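Notes to accompany the following structure.
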Amino acid sequence: VEKLQSERIRLKFFMTGQILCFKAFWSDSLSPVLSDKNFTGDSASSGKKSALIKLVHTARKFGFIFSKKTGEYRLYNLSQAIDFCKSTMVKLTTSFDLEIDDNVKILANGLKYLTPVIKTAMNGNSINFSFDVLDGTTEIDTKARQMVLYSNGHTIFIPGIGATKLDKKTVDVIKEQVHLACKFDGELPRYMIYSIFADSDIAVAKDEKLLAWQKSFETKPKTSIAMPEFLRQYQREGVAWMAHLLKHGFHGLLADDMGLGKTIQVLTLISKHANTKCSVVICPASVVPVWKHEAEKFFPELTVKIFSSMDKSIDNCNLIITSYTQLRKNKAIFSSKKFQLTILDEAQCIKNPSTKVFGACLAINSDWRLALSGTPIENNIQDLWSIFRFLMPGMLQDQAKFIEFSKSDRAAEKIKKQIGPFMLRRTKESVAEELPEKIEIDLPCTLTTRQRNLYEAILEKAIKKYDIDGDQQDIKRHKFGILAVLTKLRQIACDPGILPGIEAGFDESCKLESLNQKLVEILGNGKKIVIFSQFVTFLKRIRSFIKSEYEGIRIFEITGSTKKRDEVVKEFQEFEGPCLILISLKAGGTGITLTAAEYVFLMDPWWNPAVERQAMDRVHRIGQDKKVTVYRLISDNTIESKIQVLQQNKNLLFGDIIDSLKTQQSGGSFFIKHVKELLEAPRN
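Okay, here's the thing in structure tokens:
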């Protein structure tokens, strides 16, 4: 028995960091097997030699590597170590004596999945944020939490706990939010409770104060507070919603359809805070007079100033109104004052975060921030990021991550979950039942023979010049040249006479012929008409044509060069008898009300249907009491008819994100993606 004991090896198992180790000793003397000076090949008994060979064979078999430096056998692969401890180690007792420390015994229990828990607590206007990881119901210590956080989803060994794993997605989410918390000096704005971990299954524990505050916010706001009698019910609800946001320290986007009175709702809100700090409205220059007029008409008690290059005072008033251009030029003035409310009207104007205007908006110091836009998504879902970066920084991550995320299938669902509480969207159909019917009619126009010949000649030349079937890099390289061709084709589809270089005598236009057929009846019935085009030169041709065909008819006009737009609009609205107003699409898309008209002509389609809706909603809006008919003139079998098909993607995008938010359409590169389709030869 003593001889057998002296030839038997004892293996002592222990953990060193993430490595399973063992050392070998002779069981009788507990001297290390591989450093026993009395043990040599010549003097060793055959029994000891046999035991040593078995040790080496066993170690190699299970992946252990001997370290001469430490005298240890080491198994570096933690997954293999877990399997070894669970199923193999106990079998070694037939050949070796085993001594196993507590950590190795825990490792033998197998892989354990931890449970992350986020802790949040109200702290004034902020929330404290921390995370814990639970081993069952027990919190692990700080050092262990750090190990989990930097594990990148790999299996790790934690002393006293064992082999653990937190999946990489969860680790990434936690690290992202820890990084975000650091940006806010460890305290997150309260609105981040609707953003942090919104895309994960991590449990969020909230203290009683935070829970009570959140419950109060999620309770439907009351509309019983005193409001002006001239407000419609849905407008009262809009004011109550904004006041509810501000009360709970939030900021919001009022995304009502154009024409539902966003201006009057915000002015009502401003009037309720008129005895505190000054508020500021930033809007396109063309809309500045509208804000001033509405304020003076409905809230004469407010002292209102227009900030301009002539008057740069921002003191001693309740409301400052200025343009995005003036804000950009005078960023230092506006950033030096603390405002009560900052309102961005037509907030899609800041959709490009690389512009100076965007930076100037962010620099404004304000208690509360509101954005107004009937079209918060003009091109793609990424437009929302800029608006919410102004409203609530961090809500939609940083820009690069948001852009990448917005391409995923689950983007719409998550974005709805995050911004839903802070955006109010009502359509005219849902709230303004008193609005009369709006009829939209596509009016096909067939190019004249000369128009068609010119169109196809330009198109054929472009197809030969640019390799449309080439890869995207080739198309990008010729982007501006192709864009010039597309514009030229659109001009020919309207009226070749507006194309630079075309002889002055080219007076054939299928659209002027189609327009004339409708004008005869409409003007004969004493009606008013609004005519939109994005080409000012086309409007000039239309003006000359109408003058020659309808002697004495009154024609008004608004383009980018029109100085006093409000006076032109007022005169058109009050004019007795039939008349027309010609408006460039860019100049007339916002800030004007033309409810005296019953007919709208869109002379040429635009890439973005939201811009067309803005145009027609100058007529079909609150205050209109007559049926509105919209004619959209489309030249058959041209780039215009193709644009009309491609517009559907834009409509789907806006509807999905703002209205239903059920599916997400990628904005993509509209130009690159569809240029081949736009420039393909027309069908016979």
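Here my numbering is used: the first residue of the sequence shown is 7, the next is one more, and so on. Even glycine gets a Cβ: it sits at the ideal position worked out from N, Cα and C. Values in this document were obtained by computation on a predicted structure and should not be read as measured data.
Residue nearest to residue i in terms of C-alpha spacing, selected from the options
i, options, result
"Asn281", "Leu36, Cys323, Arg549, Ala246", "Cys323"
"Met95", "Lys74, Asp178, Phe70", "Phe70"
"Thr161", "Tyr472, Met622, Leu117", "Leu117"
"Thr309", "Met316, Asp317, Asp321, Ser315", "Asp321"
"Ala261", "Glu563, Lys212, Pro427", "Pro427"
"Cys451", "Leu402, Ser515, Ala418, Pro442", "Ser515"
"Glu443", "Lys226, Thr148, Ser52, Ile628", "Ile628"
"Asp389", "Ala369, Asn371, Phe364", "Phe364"
"Asn83", "Phe163, Glu435, Lys221", "Phe163"
"Glu519", "Leu273, Ile640, Thr274", "Ile640"
"Gly166", "Glu193, Phe20, Ala218", "Phe20"
"Gln271", "Glu235, Glu446, His254", "Glu235"
"Leu333", "Thr361, Gln346, Pro306, Glu307", "Thr361"
"Thr274", "Gly255, Ala246, Lys283", "Ala246"
"Leu430", "Ile25, Met248, Glu193, Ile649", "Met248"
"Lys125", "Leu61, Lys74, Lys212, Ile59", "Lys212"
"Phe223", "Gln239, Leu237, Tyr200", "Tyr200"
"Gly255", "Ala301, Gln457, Tyr197", "Tyr197"
"Ile146", "Asn129, Ala490, Lys283, Tyr119", "Tyr119"
"Arg238", "Glu439, Leu104, Glu214", "Glu439"
"Arg638", "Ser277, Gln630, Tyr556, Val536", "Val536"
"Lys434", "Lys97, Asp89, Cys27, Arg619", "Arg619"
"Trp612", "Ala57, Lys546, Ile649", "Ile649"
"Gly400", "Thr331, Pro195, Ser37, Leu251", "Pro195"
"Leu36", "Thr170, Cys91, Asp103, Lys55", "Asp103"
"Val210", "Phe135, Asn371, Met153", "Phe135"
"Pro502", "His484, Ile488, Leu489, Arg458", "Arg458"
Buried or exposed by the 16-neighbour rule on C-beta atoms within 10 Å, applied to residue i
i, result
"Pro506", "exposed"
"Ile15", "buried"
"Arg66", "exposed"
"Asp108", "exposed"
"Glu646", "buried"
"Val651", "exposed"
"Gly558", "exposed"
"Asp351", "buried"
"Asn700", "Here the chain has residues from 7 to 690 only, and residue 700 is not among them."
"Met264", "buried"
"Met316", "exposed"
"Ala406", "exposed"
"Ala301", "buried"
"Ser277", "buried"
Close Cβ partners of residue i (< 7 Å) along its chain, the five nearest in sequence each way excluded
i, result
"Trp297", "Thr269, Val287, Cys289, Ile327"
"Gln497", "Ile504, Leu505, Phe541"
"Pro122", "Phe137, Val139, Leu172, Thr176, Ile180, Ile208"
"Leu492", "Ile645, Leu684"
"Ser329", "Cys289, Pro290, Ala291, Val294"
"Ala377", "Leu259, Leu350, Ala353, Ile393, Phe396, Leu397"
"Ala621", "Phe538, Leu591, Gly594, Gly595, Leu608"
"Gly530", "none"
"Glu51", "It is worth fixing the name first, because residue 51 is Ser in this sequence and not Glu. Result list for Ser51: Glu13, in chain order."
Residue-chain proximity (residue i, chain B), Cβ-Cβ < 8 Å
i, result
"Ser314", "Of the protein chains in this structure there is only one, and it is not chain B."
Assumed close pair residue i, residue j - CB separation to whole angstroms, cut-off 8 Å
i, j, result
"Val636", "Leu608", "7 Å"
"Ser550", "Ser590", "16 Å between Cβ atoms; not a contact."
"Tyr472", "Lys533", "Actually they are not in contact, since the Cβ atoms of Tyr472 and Lys533 sit about 45 Å apart, beyond 8 Å."
"Ile356", "Ser392", "5 Å"
"Ala366", "Lys343", "About 13 Å; that fails the 8 Å criterion."
"Leu81", "Phe68", "7 Å"
"Ser101", "Lys60", "6 Å"
"Glu243", "Thr229", "5 Å"
Own chain partners of residue i with C-beta closer than 6 Å, once the 5 adjacent residues on each side are dropped
i, result
"Gly23", "none"
"Ile598", "Val575, Arg624"
"Arg375", "His257, Thr348, Leu397"
"Cys500", "Lys517, Phe544, Asp610"
"Phe72", "Tyr79"
"Val62", "none"
"Phe408", "Trp391, Leu402"
"Phe578", "Phe562, Ile587"
Close Cβ partners of residue i (< 8 Å) along its chain, the five nearest in sequence each way excluded
i, result
"Asp642", "Pro450, Cys451, Thr452, Leu453"
"Lys494", "Ile464, Leu505"
"Phe411", "Gln403, Ala417, Lys420"
"Gly3", "What is shown of the chain runs 7 to 690, which leaves residue 3 out entirely."
"Glu105", "Arg16, Leu17, Lys18, Phe19"
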